[in-house]
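Be aware that the sequence shown starts at 13, since it is given in the numbering used here, and climbs by one per residue.
Think of the CB as a built atom: it goes at the ideal place given N, C-alpha and C, for glycine as much as any other residue.
These notes are about the structure you will find just below.
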Amino acid sequence: MTVSEGTCPRCNQHTMMTPIEINALSRTTRKVNDVSMWVCSECGMDEGLEDAFLSGATKQEHWPLDERTFDYFIRETNLAYADLLNEGEGNG
Ligand SMILES: [Zn+2]
């Protein structure tokens, strides 16, 4: 499978930003000898949650994921964040 720079290798969605380095550095590639792999911000958040609440981030051999482990939570968080932004703009 060919993965273009615009596609997140973890969720296989076109949500990557350029340059690649401004995306989230995957927690699966943080050991000294690992090849750096960047994932979209949602996957970066997902890996952080997996690391905090489960036994660590999903290994690359299981990529791409059908659905992020905490996908529902992340979408709710993004919605709540968008609401906050909207409320901020409405003030005045
Ligand atoms: Zn992703």
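Asked                                                                                                                     : Found
R87: CB within 6 Å of a non-hydrogen atom of ligand 1                                                                     : no
For A64, the first and last residue of its enclosing alpha helix (DSSP H)                                                 : S53 to F65
6 Å Cβ shell around T19 - same chain, five flanking residues per side excluded                                            : H26
Whole-angstrom C-beta distance between C23 and L91, which should lie under 8 Å                                            : That pair is no contact at about 18 Å.
Coarse secondary structure for L77, derived from DSSP in three states                                                     : coil
Three-state secondary structure assigned by DSSP to A36                                                                   : strand
Beta-carbon contacts of S48 that lie in its chain and below 7 Å, excluding the five residues immediately before and after : L37 and T41
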